[in-house]
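In what follows, a structure is listed as structure tokens, so that the remarks can point back to it.
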Amino acid sequence: MELLLKFADLILHIDKYLVEIVSLYGTATYFILFFTIFLETGAVIMPFLPGDSLLFAAGMISANSNINVFYLFIILSIAAILGDNLNYSVGKYFGLRIKNGQSIPFVKKEHVEKTERFYAKYGNKTIIIARFVPMLRTLAPFFAGFGSLNYGSFIFYNIIGGIMWVFLFLFGGHYFGNMPIVKNNFSIAIIVVIILSLTPGLFEFIREKYKKEEVHEE
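Numbering-wise (my numbering), the sequence shown opens with residue 11 and increments by one.
Shown next, in the form of structure tokens:
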């Protein structure tokens with residue numbers, strides 16, 4: 011419980027922690043942020059890292075420090091794209107072995123086949139939408155590789171999604187993060203950011219459910 015409270019504090023007050031990191035490490039902050047975003051998108055076991063709030067806070071801090079927002083945009087976009095590529099490769103590694111008859115705990119061949127059917131139907135837009143949904147952002151590229159989604163399609167939408175994700179949250183923080191109403195209520199602003207992150211996925215879920223109900227009624 012204590013660990014959970016500390017994690018919540020980190021997310022809701024990430025601006026304060028980031029200010030300390032910048033003051034202690036200066037330009038090395040670029041590398042710290044790079045590896046954090048890379049791990050959040052690239053390591054299947056680390057979907058809990060605060061990607062959205064970190065990008066927003068980084069943009070906010072860049073407006074009042076020596077950290078250049080345009081350098082951040084390039085560096086963090088690369089981190090997000092490379093992270094998803096690693097995740098895709100790990101998923102492909104396990105997916106191929108299951109197809110070849112190798113046994114992996116808790117994963118069955120029908121899971122691979124189900125994933126392939128899912129990406130055959132929703133693949134392209136899932137890669138982009140998942141970027142804006144915490145947890146799903148980390149899991150989507152893994153299952154894309156797991157189900158053998160065509161790499162050409164994956165990398166194309168991975169690049170688009172990665173750039174869009176970093177751009178919106180980073181520059182959103184840069185231009186709006188220092189407004190008095192946001193700066194003085196940062197915890198509330200982060201909660202709003204998290205809610206907005208969940209909105210695209212929720213909207214898509216409702217839309218697909220509504221379409222299925224219409225088909226069923228016909």
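Using N, Cα and C, we set each Cβ at its ideal position, and we do this for glycine too.
**Message:** Is it buried or exposed, M70, if we count other Cβ atoms within 10 angstroms and call 16 or more buried?
**Reply:** As a position in the sequence shown, residue 70 is number 60, starting the count at 1. The residue is buried, with at least 16 neighbouring Cβ atoms inside 10 Å.
**Message:** As a quick exercise: from I198, F153, M145, pick the residue whose alpha carbon is nearest that of N134.
**Reply:** Within the sequence shown, numbered from 1, the residue matching residue 134 stands at position 124. Comparing Cα-Cα distances from N134 to each of I198, F153, M145, the minimum goes to F153.
**Request:** Identify the continuous alpha helix (DSSP H) that holds G155 and give its terminal residues.
**Result:** Within the sequence shown, the letter at position 145 stands for residue 155. In this chain, the alpha helix (DSSP H) harbouring G155 covers 146-156.
**Prompt:** I47: buried (16+ other C-beta within 10 angstroms of its C-beta) or exposed?
**Reply:** Taking the first residue of the sequence shown as position 1, residue 47 is located at position 37. I47 comes out buried.
**Asked** In three-state DSSP terms, what is S75?
**Response** Residue mapping note: residue 75 aligns to position 65 of the sequence shown, counting from 1. Looking at S75 - three-state DSSP - the assignment turns out to be coil, as it is neither helix nor strand.
**Message:** Are the CB atoms of S87 and I173 within a distance shorter than 8 Å?
**Reply:** Counting from one through the sequence shown, the residue named residue 173 turns up at place 163. Counting from one through the sequence shown, the residue named residue 87 turns up at place 77. At a Cβ-Cβ threshold of 8 Å, I173 and S87 count as neighbours.
**Message:** Under DSSP, the alpha helix (DSSP H) around M174 begins and ends at which residues?
**Reply:** Within the sequence shown, numbered from 1, the residue matching residue 174 stands at position 164. 161-186 is the extent of the alpha helix (DSSP H) around M174.
**Prompt:** Within the chosen definition, does the stretch 100-107 reach the stretch 167-187 through at least 3 CB pairs nearer than 8 Å?
**Reply:** Too few Cβ pairs lie closer than 8 Å, so no.
**Asked** With 16 other CB atoms within 10 Å as the buried threshold, where does V202 fall?
**Response** Counting from 1 along the sequence shown, the entry for residue 202 is found at position 192. An exposed status is given to V202, since fewer than 16 other beta-carbon atoms sit within 10 Å of its beta-carbon.
**Prompt:** What whole-angstrom Cβ distance do D62 and P151 have, given they're in contact under 8 Å?
**Reply:** Translated into the one-based positions of the sequence shown, residue 62 becomes position 52. Translated into the one-based positions of the sequence shown, residue 151 becomes position 141. D62 to P151, Cβ: 17 Å. No contact.
**Request:** Just confirm the distance between the C-beta atoms of F44 and A89, as a whole number of angstroms; I'd bet it's less than 8 Å.
**Result:** Indexing the sequence shown from 1 puts residue 44 at position 34. Indexing the sequence shown from 1 puts residue 89 at position 79. Sure, about 5 Å apart at Cβ, within 8 Å.
**C-alpha gap between N188 and I169, whole angstroms** = Numbered from 1 along the sequence shown, position 178 holds the residue referred to as residue 188. Numbered from 1 along the sequence shown, position 159 holds the residue referred to as residue 169. Straight-line Cα distance between these residues: approximately 29 Å.
**Request:** Look at T136 and N97 and say whether their C-beta atoms are less than 8 Å apart.
**Result:** Residue numbering aside, residue 136 sits at position 126 when the sequence shown is read from its first letter. Residue numbering aside, residue 97 sits at position 87 when the sequence shown is read from its first letter. Taking 8 Å as the Cβ cut-off, T136 and N97 do not qualify as a contacting pair.
**Asked** Expressed to the nearest angstrom, what Euclidean distance is found between the alpha-carbon atoms of L28 and F83?
**Response** What you label residue 28 is simply residue 18 of the sequence shown in a count that begins at 1. What you label residue 83 is simply residue 73 of the sequence shown in a count that begins at 1. Their backbone Cα atoms lie some 16 Å apart in a straight line.
**Prompt:** Could you check where the alpha helix (DSSP H) with G52 kicks off and where it finishes?
**Reply:** For this step, residue 52 is matched to residue 42 along the sequence shown. Residue range 39-52 is occupied by the alpha helix (DSSP H) that includes G52.
**Nearest-angstrom Cβ-Cβ length linking G101 and F156, presumed shorter than 8 Å** = Locating residue 101 in the sequence shown gives position 91, counting from the first residue. Locating residue 156 in the sequence shown gives position 146, counting from the first residue. That pair is a contact at about 4 Å.
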